[in-house]
Amino acid sequence: MPSLTLVSARCYTLDIVANGDLHHFCGVAGLYSDQERNIPRHLFFPLFSLQHRGQESAGIAYRKDGKTVAYKDLGMVSTVLSRYLSGDRMTRVGIGHVRYSTHGGNKLENAQPMVVSCNKGDIAIAHNGNISNAQQLKNELVDEGAIFQTSSDTELVLHLISRSRCRTFDEALLETLSRLAGAFTMLLIHNDRLIAVRDPHGFRPLFVGSTDGMRVIASESCGLEILGCSQMRELEPGEVLFLDEDGEHTIHIGRDSVQPAQCVFELIYFARPDSRVFANGVHAARGRMGAALAQADADEGLVGDIVVPVPDSGTSAAVGYAREAGLPFDFGLTRNHYAGRSFIMPTTAERELAVRMKLHPVEDVIRDGRIILVDDSLVRGTTARSLVRLLYRAGAREVHLRLSSPELRWPCFFGIDIPTRKELISNRLDPEEIAEYVGADSVRFLDLDRLRGMLDRPDRYCYACFTGAYPIAVPLTAEERKPQPRDRKEDRSMPRSAQEPLAVRAADQNAALDGGER
């Protein structure tokens, strides 16, 4: 079998325990120039624009003297890649990556781009998403003698290309892509070419544009706009785009045989508000979600005094809520942008201190008010509980928590770090019980039908984290398939003829996985 040598950088590990927030997998950026220029320096800026998609590691890869070289490290873009803001490193092609670890821990060997030299040439890869059949493919490769140097699912792509019996790299790449299931937007350098890939379901966004003789590719439109791209487009689901000295050409994989499944959480939370994804302005889409929440409250006669966002995740939805409800909008919570990531603390007092390090109430805004507190989603409920307490201590008369997404009930296998079903508060408690747990006067989630109603072409989105109806087979464990407390309560409240727990439907839907089918 062909050999594969993984080129790595400095080796050390840093284990970080995250708080109860959702995290994305990563962001990617790539450049191809019609003439030599300082590509590593130019890459810094789109990666900096995508920093919200991953804060654990950053890296770039580019061509130098006929070889592909990489530099990556744990940390933020401004720390890891600031060295590339000075000095000339002339080349025509480069890719970059920012990462939050879902599949594979936060270790340097899992940082990207990954660079190898093999029988198909020099290859560098940066990947956004999650390959849902990664373990199955990895088991097959290990049985055949493959040796993995990382715990990231991205490495197996390189193994599959290297070990392919296909004659050319392009054929090996297409064969490899046909074996992958799940979410993958990828950028690859093969020798002196730049290749961009978006999976056939289109789970994650990927944009391409041009400026000043460069083709720019990035996970969000904000990564192109920072370099001055005036014209851009989103790669189609299943599109594979090749850029080289002869221009560009595109082929498509699997688009005629699969249903698009764009991740709706890109609009709800992950994308930057000033970006466009899936043909939507993100800020405007979140505003419509907030307006839909306000309409639901108006239907039940709820009246508040002021709308307060949880910054920054709830700001756009709160603006939409306030506009629809005719209520004043104000920042009753301030965010310390230097607090960094929160850590899990052993006691309630210490956990509340961690929240106060990031967010603090403005008493002049909060005092004596009936507060409509707007955020994007509720995971475990621990942060919301601390925030509600802070608002009451600041003098709030009432606190009504509003979430601009439906209830999270299922894990994600496509690149979002959603906890197990057992950990998700909505699998234990209904909204009334959640309100009691977090100490709020009421809790309302955006109804799924209302969410679908404000989307253009709603059937093109994935809602699996709300419904358990995954667009492809996923490796749900036996424990995950068991009915949760909410499932059992909902079953008892339904007519006998209609009882069919979500867990049962998900188990049936994923039965093909047990037989090894894809």
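Position in the sequence shown (from 1) plus 36 gives the number in my numbering.
Every residue, glycine too, gets a C-beta built ideally from N, C-alpha and C.
Beta-carbon contacts of Thr513 that lie in its chain and below 7 angstroms, excluding the five residues immediately before and after: Numbered from 1 along the sequence shown, position 477 holds the residue referred to as residue 513. Closer than 7 angstroms at Cβ, skipping near neighbours: no residue.
Opposing strand residues paired with Tyr120 [DSSP bridges]: To locate residue 120, count along the sequence shown from 1; it is residue 84. In the DSSP secondary-structure assignment, Tyr120 is not bridged to any residue.
Distance between Leu223 and Ile231 (C-alpha atoms, nearest Å): Within the sequence shown, residue 231 is the residue found at index 195, counting from 1. Within the sequence shown, residue 223 is the residue found at index 187, counting from 1. Going from the Cα of Ile231 to the Cα of Leu223 covers about 6 angstroms.
Nearest-angstrom Cβ-Cβ length linking Gly132 and Gly95, presumed shorter than 8 angstroms: For the purposes of this step, residue 132 is identified with residue 96 of the sequence shown, where counting begins at 1. For the purposes of this step, residue 95 is identified with residue 59 of the sequence shown, where counting begins at 1. Right, their Cβ atoms sit about 7 angstroms apart.
Limits of the unbroken alpha helix (DSSP H) element including Asp335: One-based indexing of the sequence shown puts residue 335 at position 299. In the DSSP assignment, Asp335 falls within the alpha helix (DSSP H) that extends over Val318 to Asp335.
In DSSP terms, what Arg31 is bridged to: The question about residue 31 has no answer, for the chain in this structure spans 37 to 554.
Three-state secondary structure assigned by DSSP to Val105: For the purposes of this step, residue 105 is taken as the residue at position 69 of the sequence shown. Correct three-state label for Val105: strand.
Integer Cβ distance of Ile26 from Pro236, believed to fall under 8 angstroms: Outside the displayed span of the chain (37 to 554) sits residue 26, for which this structure offers no information.
Collapsed DSSP secondary structure at Gln87 in the structure displayed: The residue given as residue 87 occupies position 51 in the sequence shown. Of the three classes helix, strand and coil, the one that applies to Gln87 here is helix, per DSSP.
Exposed unless 16 or more other CB atoms sit within 10 angstroms - verdict on Tyr374: Locating residue 374 in the sequence shown gives position 338, where the first residue counts as 1. Around the beta carbon of Tyr374, fewer than 16 other beta carbons lie within 10 angstroms, which makes this residue exposed.
CB-CB length for Glu275 against Arg322, believed under 8 angstroms: In the sequence shown, the residue the question calls residue 275 occupies position 239. In the sequence shown, the residue the question calls residue 322 occupies position 286. That pair is no contact at about 27 angstroms.
Per DSSP, the bridge partner or partners of Val344: For the purposes of this step, residue 344 is taken as the residue at position 308 of the sequence shown. The partner list for Val344 (beta bridge, DSSP) reads Leu409.
Enclosing alpha helix (DSSP H) for Asn372 [first to last residue]: Numbered from 1 along the sequence shown, position 336 holds the residue referred to as residue 372. For Asn372, no alpha helix (DSSP H) encloses it, and the DSSP letter there is neither H nor E.
Closest Cα partner of Leu144 within the set Val151, Tyr120, Lys156 and Thr186: Within the sequence shown, residue 144 is the residue found at index 108, counting from 1. Closest option to Leu144, Cα to Cα, is Thr186.
Proximity winner among Val178, Val415 and Gln71, relative to Arg457 (alpha-carbon distances): Start at 1 with the first residue of the sequence shown, and residue 457 comes out as number 421. Answer by Cα proximity: Val415.
Span of the beta strand (DSSP E), counted from its first residue to its last, around Val424: Along the sequence shown, read from residue 1 onward, the residue named residue 424 stands at position 388. Segment Thr418 to Arg429 is the alpha helix (DSSP H) holding Val424; no beta strand (DSSP E) there.
Beta-carbon contacts of Asn480 that lie in its chain and below 6 angstroms, excluding the five residues immediately before and after: Stepping through the sequence shown from its first residue, residue 480 is reached at position 444. First, the residue type needs correcting, since residue 480 is Arg and not Asn in the sequence shown. Close CB contacts of Arg480 within its chain, under the 6 angstroms cut and outside five residues either way in sequence, are with Arg438 (chain order).
Coil, strand or helix - Glu284 by DSSP: Start at 1 with the first residue of the sequence shown, and residue 284 comes out as number 248. The answer is strand: DSSP assigns Glu284 an E or B state.
Rounded straight-line distance, which links the Cα of Arg425 to that of Ala332: For this step, residue 332 is matched to residue 296 along the sequence shown. For this step, residue 425 is matched to residue 389 along the sequence shown. Each residue's Cα considered, the two are about 25 angstroms apart.
Reduced DSSP secondary structure (H/G/I, E/B, other) of Asp400: Taking the sequence shown and counting its residues from 1, one reaches residue 400 at position 364. Looking at Asp400 - three-state DSSP - the assignment turns out to be helix.
Alpha-carbon to alpha-carbon, Glu92 and Asp109: By one-based count along the sequence shown, residue 109 stands at place 73. By one-based count along the sequence shown, residue 92 stands at place 56. Going by the C-alpha atoms only, they are around 9 angstroms apart.
6 angstroms Cβ shell around Glu443 - same chain, five flanking residues per side excluded: Here residue 443 refers to the residue found at position 407 when the sequence shown is read from its first residue. If we look at Glu443 and ignore the five residues flanking it on each side, its Cβ neighbours are Ser462 and Phe481.
The stretch 155 to 171 in contact with the stretch 208 to 224 per 3-pair CB rule at 8 angstroms: Yes, the stretch 155 to 171 touches the stretch 208 to 224.
Buried/exposed call for His285, threshold 16 Cβ in 10 Å: Indexing the sequence shown from 1 puts residue 285 at position 249. That one is exposed.
Proximal residues to Glu360 (C-beta, below 6 angstroms), its chain only, five neighbours per side dropped: Position 324 of the sequence shown, counted from the first residue, corresponds to residue 360. Answer for Glu360: Ala327 and Ala330, listed in chain order.
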